[in-house]
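Q: Can you keep this structure in mind? I'll have questions shortly.
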Amino acid sequence: MQARNIMEDIVKKYLDEMLALRFDICTCEICRQNVIAYALSRLPAKYVTTDSGAIHTIIEQVRVEQSSLILKELMKAINVIAKKPRHKEGQDRDQAYKLLMEQIKADRGADFSHYRDKVLKRRIALRMRARNVNSYSKYLQVLIHSPEEYEKLFEVLTINVSSFFRDHAVWDKLRTQILPELIARKKQQEAGIRKIRVWSAGCSHGEEPYSLAIMLYELLEKEEVEINVEIIATDIDKDCLAKGKSGRYDQMSVKDLKPQYLRRFFIPIKDEFQIVPHVQEFVHFKELNLIHDPGIMGVDMVICRNVFIYFNRSLQEYLIMKFHGALIQDGFFVMGNSENLMGEARQVFKNVDILLKIYKKIIPEP
Ligand SMILES: C[S@@+](CC[C@H](N)C(=O)[O-])C[C@H]1O[C@@H](n2cnc3c(N)ncnc32)[C@H](O)[C@@H]1O
Numbered sequence: 119m120q121a122r123n124i125m126e127d128i129v130k131k132y133l134d135e136m137l138a139l140r141f142d143i144c145t146c147e148i149c150r151q152n153v154i155a156y157a158l159s160r161l162p163a164k165y166v167t168t169d170s171g172a173i174h175t176i177i178e179q180v181r182v183e184q185s186s187l188i189l190k191e192l193m194k195a196i197n198v199i200a201k202k203p204r205h206k207e208g209q210d211r212d213q214a215y216k217l218l219m220e221q222i223k224a225d226r227g228a229d230f231s232h233y234r235d236k237v238l239k240r241r242i243a244l245r246m247r248a249r250n251v252n253s254y255s256k257y258l259q260v261l262i263h264s265p266e267e268y269e270k271l272f273e274v275l276t277i278n279v280s281s282f283f284r285d286h287a288v289w290d291k292l293r294t295q296i297l298p299e300l301i302a303r304k305k306q307q308e309a310g311i312r313k314i315r316v317w318s319a320g321c322s323h324g325e326e327p328y329s330l331a332i333m334l335y336e337l338l339e340k341e342e343v344e345i346n347v348e349i350i351a352t353d354i355d356k357d358c359l360a361k362g363k364s365g366r367y368d369q370m371s372v373k374d375l376k377p378q379y380l381r382r383f384f385i386p387i388k389d390e391f392q393i394v395p396h397v398q399e400f401v402h403f404k405e406l407n408l409i410h411d412p413g414i415m416g417v418d419m420v421i422c423r424n425v426f427i428y429f430n431r432s433l434q435e436y437l438i439m440k441f442h443g444a445l446i447q448d449g450f451f452v453m454g455n456s457e458n459l460m461g462e463a464r465q466v467f468k469n470v471d472i473l474l475k476i477y478k479k480i481i482p483e484p
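Using this note's numbering, read the sequence shown as starting at 119 and increasing by one per residue.
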């Protein structure tokens, strides 16, 4: 019959409870194992045969009888080991990471559980380096004591890199094929109701919706019929939206714009460039969390580029179907270059340009 040291079970359980409340020490697996080994070496072993039916009662009895000794030894082990970890710090630790994300959710209501851990960890590491801490538990302390750090953290977590006409091949295709097709469709409609509606989801500072607005303005000025344009630009990040709404960009932001676009569609003001009002008025900015908020319905096109990369597979599938629901029949869906249709979505979108990630909504035959 096999015998096992039930003291180990009790120590592990106590330790989990104690570590859950400690943010000031290393909680990595290596330290956890070392703390357990240290405490066990100083506690009396209690061997019980594993097939004993009464094992849970025995564990409970020993736990009650020895609790103060076990807690004392565990505290000592934590002080000796986890307070001064011998391994290189920064190898921190699934448990501490989980606690950090739970605390962010509890404090700010921001749920990143559907985001990809790999991407999040890389971004959090940037803030840890900036604050000169090398463990998630220490970074959590920073957030607790300096809540303004949250703003910086959210900035890197929802990173908002963008540029005007990002990926030129995609914009050429939009200008030469996709937008003319949309315009032709609208021309079939009665005057007065002709409107092109686009949802730019994850629009960052507005570079993407304004690129579209510029392109549509150029195409529509050649038309004899009047077609209205409404581009609904949404993002989770309030600061980005405020910048987008202002329509003002610095020199770096416009450096890759074709000179004719810069001359025609931007007014230089000191060192900055202000988008012209007749293009600006096409774009309406709105705060919208793609995961929790309802989508923008009845649109001719959804452009959601370089946003999916943050989300895990099941959330990507969910979002693609959400965009499918938002589009009218034959509406277009544009993804980022490194993003792909997943799961059910392959049946409900048809490829328009597989390389440029442009698709058209279809409703499959029943
Ligand atoms: C890399 S930018 C993409 C900007 C633009 N679409 C482009 O391709 O240039 C990603 C944007 O997604 C936004 N984002 C991240 N998570 C989001 C969410 N859950 N809901 C809405 N927007 C989100 C970020 O705030 C950020 O502005």
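In this text, a Cβ means the ideal position worked out from N, Cα and C, and glycines have one as well.
1. Examine ligand 1 and report whether any of its heavy atoms sits within less than 7 angstroms of the Cβ of Arg240.
2. Smallest Cα separation from Glu126: which of Cys149, His232 and Ile177?
3. When you compare the CB positions of Arg245 and Leu218, do they come within less than 8 angstroms of one another, or not?
4. Just verifying my parser: in three-state terms, what is the DSSP assignment at Asp471?
5. Comparing the CB of Ser280 with every heavy atom of ligand 1, is any distance shorter than 7 angstroms?
6. Mark Val153 as exposed unless 16 or more other C-beta atoms lie within 10 angstroms of its C-beta, in which case mark it buried.
7. Taking C-alpha atoms, which residue in Val470, Phe426, Tyr328 and Lys190 lies nearest to Met460?
8. Quick check on the burial criterion: 16 or more other C-beta atoms within 10 angstroms. Buried or exposed for Asn424?
9. Considering only residues of the segment 274-319, which uninterrupted alpha helix (DSSP H) runs meet the minimum length of 4 residues and lie entirely inside it, listed in chain order?
10. Does the contact criterion of 3 or more C-beta pairs under 8 angstroms hold for the segment 229-236 versus the segment 195-202?
11. Near His396, which residues of its chain fall below 8 angstroms by C-beta distance, leaving aside the five closest residues on each side in sequence?
12. Between which residues of its own chain and Lys356 is the CB-CB distance below 8 angstroms, once the five residues before and five after are set aside?
13. Given this structure, state the Cα-to-Cα distance separating Glu341 from Arg464, to the nearest angstrom.
14. Look at the alpha carbon of Asp418 and the alpha carbon of Asp374, and state the distance between them as a whole number of angstroms.
A: In short, the structure shows the following:
1. If you check the C-beta of Arg240 against ligand 1, you find no heavy atom less than 7 angstroms away.
2. Ile177
3. no
4. Asp471 falls in the strand class under three-state DSSP.
5. yes
6. buried
7. Phe426
8. buried
9. 286-291 and 297-305
10. no
11. Tyr335
12. Beyond the five residues adjoining it in sequence on each side, Lys356 comes within less than 8 angstroms, by CB distance, of Glu405 in the same chain, given in chain order.
13. 35 angstroms
14. Take the alpha-carbon of Asp418 and the one of Asp374: they are about 28 angstroms apart.
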